[in-house]
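For reference, the structure discussed in these notes is given below.
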Amino acid sequence: MGLAATLRALERATRPYDPEFTDAMKRRWAELPEVARTPGQIVGRHGVGCEGTHGVFPRCNLKCTPCYHSRDANRVRVDGAHTRQEVAAQVRLLRKLRGPRGHTQLIGGEVSLLPPDDHAATLSVMREHGREPMSFTHGDFDYDYLERLALGPDGRPRFSRLSFAAHFDRFMYGRRGIERPPGERELDPYRRRFTAMFARLKRQHGISYFLAHNMTVTPGNLDEIAAVIRANHTAGYGMFSFQPAAFIGDERRWKENYREATPDAVWSQIERGAGARLDYDVFHNGDVRCNRTAYGFYVGSRWFPFLDGDDPRDIAVRDAFFHYLGRVSFTGTPPALLAGKLLRIAVRHPRTVAIALGWLARAMRRVGVLRLLRHRFRVRPVTFVMHQFMDAEQVAPAWELTRRGATSDDPKVRETQERLAACHYAMAHPEDGTLVPACVQHAVLDPAENAALRRLLPIVEVR
Ligand code: SF4
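If you're matching positions, the sequence shown starts at 408 in this note's numbering and goes up one per residue.
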């Protein structure tokens with residue numbers, strides 16, 4: 408390639424805004440109900456929301472209470488070819504309807520029941536369609552599995568980066584070494600063992616990683632949230648996500664009055680664990696009744712928010728971020744290209760540099776220079792999330808009305824309809840070209856889907 412052609416290619420590659428990504432976000436914003444068009448709304452301003460797979464490998468080898476899968480899930484064989492084919496069809500539709508970039512969870516039953524080569528091939532298909540994949544696991548697998556997933560038959564890395572969300576809570580039964588955990592504290596070594604495998608993978612093969620820690624919350628472990636965060640914030644997780652239990656999925660596994668673990672009660676326990684007030688109104692992901700999020704970082708044992716919601720100058724930073732950088736796709740863009748895009752924005756809009764420097768100075772003041780020096784400027788980004796699924800009996804009638812294009816007069820049903828309309832977590836149905844909220848998938852569609860899968864992929868008993 409000649410110099411002129413190289414410069415032209417570089418100019419194209421570092422254009423800050425991808426028109427296709429911008430159009431996808433405009434569509435998402437237009438779809439949001441009025442109640443979700445808040446100043447901090449990320450959907451439609453800097454992303455299209457999360458996505459997840461379904462109907463691929465519903466089986467799991469632990470037993471959770473509650474379990475969001477329908478009762479047929481464990482009667483379906485895990486089949487690598489089926490997973491690859493179905494996921495390919497789903498991400499193709501996601502690419503078409505939600506644009507060129509997305510965060511997509513490879514989720515079903517237990518992902519590590521997939522043979523490593525099929526797991527790897529599925530992640531590659533997701534990436535080919537612009538999806539940044541995250542594999543969902545209970546974390547009870549060995550380094551050998553991780554290595555076989557991460558390395559190709561030639562022993563070389565297949566990926567430069569892997570993302571996993573690992574679910575740990577005391578109501579998951581059957582984990583090797585701790586069949587029935589007496590409490591959350593006893594699971595901490597297992598939480599750390601999981602992240603240690605990825606640290607080893609990075610050391611040995613240079614593969615970087617992002618790990619999220621998921622935990623279902625019931626009245627039975629509500630009081631243990633804070634200790635889980637305190638004991639594990641240095642373990643290597645970049646996100647702690649808590650899901651207050653909902654009456655959804657297999658009703659044989661509903662054990663407690665889950666509604667006693669209210670969103671406020673859960674959030675205040677997360678705040679206790681973080682040792683800070685967590686303002687979930689600076690940024691919204693979909694409807695705040697579904698998702699609360701606080702973005703920030705640890706320096707030593709203290710957590711600080713990226714933006715202080717009580718400081719109007721920080722709120723102005725957020726607004727400027729959406730204005731100048733919202734349409735830049737960070738996901739999946741190689742760091743050098745991303746730097747090129749940001750540089751071009753800075754040159755075109757010099758005030759962004761002043762805004763960024765002002766923010767940096769304030770953030771450093773908040774942390775304290777002494778603390779930064781003491782910890783050698785080691786900053787660990789950690790996001791706190793709470794995702795509140797809705798009960799099946801709430802979702803089914805609301806979804807039926809939504810499908811008919813009707814809106815309920817009942818405030819409770821209307822609230823459910825609004826939450827579904829602003830859903831941050833979509834699943835694709837290539838057979839009819841639609842996307843549905845994950846609540847609808849689990850509450851309404853999973854039972855029939857898993858019954859059909861049971862016939863398609865029966866488990867053959869071998870004597
Ligand atoms: S899956 Fe349900 S709870 Fe989650 S964002 Fe969508 S509508 Fe809200």
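For glycine and all other residues, C-beta sits at the position ideal for the given N, C-alpha and C. As the structure is a prediction and not an experimental result, all values here were calculated from the model.
Closest by C-alpha distance to residue i, when choosing among the options
i, options, result
"Pro651", "Gly447, Arg419, Tyr475, Lys433", "Tyr475"
"Arg720", "Asn698, Ala763, Arg599, Arg810", "Ala763"
"Ala828", "Glu427, Gly546, Ala437, Met432", "Ala437"
"His461", "Gly590, Val843, Arg505", "Val843"
"Gly656", "His691, Ala412, Leu852", "Leu852"
"Gly515", "Gly739, Arg484, Leu414", "Arg484"
"Leu353", "Val673, Leu618, Arg499, Tyr731", "The chain is shown from 408 up to 870; residue 353 falls before or after that span and cannot be answered."
"Ala668", "Gln795, Lys433, Glu427", "Gln795"
"Leu750", "Ala416, Ala412, Thr421", "Thr421"
"Ala803", "Ser815, Leu618, Val792", "Ser815"
"Asn639", "Phe654, His620, Ala653, Lys433", "His620"
"Cys830", "Arg419, Ala411, Asp425, Gln448", "Gln448"
"Glu458", "Val498, Lys433, Arg482, Arg478", "Val498"
"Ile752", "Glu418, Ala411, Leu414, Gly409", "Glu418"
"Asn692", "Phe605, Arg826, Arg684, Arg666", "Arg826"
"Glu658", "Thr445, Thr472, Pro423", "Thr472"
"Thr641", "Asp595, Pro588, Glu586", "Asp595"
"Ala835", "Asp686, Asp717, Leu520, Lys503", "Lys503"
"Lys662", "Arg861, Lys470, Met432", "Lys470"
"Tyr702", "Pro742, Phe711, Glu591", "Phe711"
"Thr602", "Gly584, Leu569, Glu593", "Leu569"
Residue burial classification, residue i (beta-carbon count within 10 angstroms, cutoff 16)
i, result
"Glu678", "buried"
"Val754", "exposed"
"Gly537", "buried"
"Val760", "exposed"
"Ile866", "exposed"
"Ala746", "exposed"
"Ala805", "buried"
"Arg598", "buried"
"Gln611", "exposed"
"Ser567", "exposed"
"Asp817", "exposed"
"Lys748", "buried"
"Leu618", "buried"
"Met793", "buried"
"Met432", "buried"
"Ser695", "As written in the sequence, residue 695 is Val, which differs from the Ser given in the question. Buried, by the Cβ-count rule."
Range of the contiguous alpha helix (DSSP H) that encloses residue i
i, result
"Arg725", "719-727"
"Leu530", "523-535"
"Val774", "758-774"
"Leu417", "410-420"
"His836", "First-last for His836: 832-836, but that is the beta strand (DSSP E), not the alpha helix (DSSP H)."
"Gly703", "Looking at the DSSP string, Gly703 is not in any alpha helix (DSSP H); the run it does join, the beta strand (DSSP E), is 698-706."
"Phe634", "The displayed chain sequence assigns Ala, not Phe, to residue 634. Here the alpha helix (DSSP H) through Ala634 covers 632-639."
"Ser675", "670-681"
"Leu863", "853-863"
"Arg563", "It is not in any alpha helix (DSSP H) - Arg563 carries neither H nor E in the DSSP assignment."
"Pro364", "For the chain, the structure presents residues 408 to 870; residue 364 sits outside this window and is missing."
Beta-carbon proximity of residue i to residue j, cut-off 8 Å
i, j, result
"Thr429", "Phe464", "no"
"Leu530", "Pro540", "yes"
"Ser542", "Phe571", "yes"
"Tyr832", "Ala845", "yes"
"Arg466", "Val450", "no"
"Val706", "His782", "yes"
"Phe729", "His453", "yes"
"Asn468", "Glu535", "no"
"Glu427", "Gly546", "no"
"Leu500", "Gly840", "yes"
"Gln801", "Thr823", "yes"
"Asp798", "Phe654", "yes"
"Asp532", "Val494", "Residue identity differs from the one stated: residue 532 is Val in this sequence, not Asp. A contact, by the Cβ cut-off of 8 Å."
"Asp425", "Ser736", "yes"
"Gly682", "Arg709", "yes"
"Gly877", "Pro670", "Here the chain comprises residues numbered 408 to 870, so residue 877 is not present and cannot be evaluated."
"Glu631", "Glu591", "yes"
Residue i, enclosing beta strand (DSSP E) - first and last residue
i, result
"Arg538", "538-544"
"Gln512", "509-513"
"Phe791", "787-794"
"Gly459", "457-459"
"Met646", "646-651"
"Thr490", "Per DSSP, Thr490 belongs to no beta strand (DSSP E); it is in the alpha helix (DSSP H), 487-505."
"Val843", "841-844"
"Thr623", "615-624"
"Phe571", "568-574"
Is the segment 440-447 touching the segment 539-551 in the sense that three or more CB pairs, one from each, lie closer than 8 Å? no
Evaluate contact between the segment 721-728 and the segment 787-801, counting only Cβ atoms and requiring at least three cross-stretch pairs below 8 Å. When Cβ pairs closer than 8 Å are counted between the two stretches, the segment 721-728 is seen not to touch the segment 787-801, the count staying below three.
Touching or not, the segment 486-504 and the segment 518-529, by the rule of three or more beta carbon pairs under 8 Å? yes
On the three-pair Cβ rule with 8 Å, is the segment 625-632 touching the segment 578-593? They touch, by the three-pair rule.
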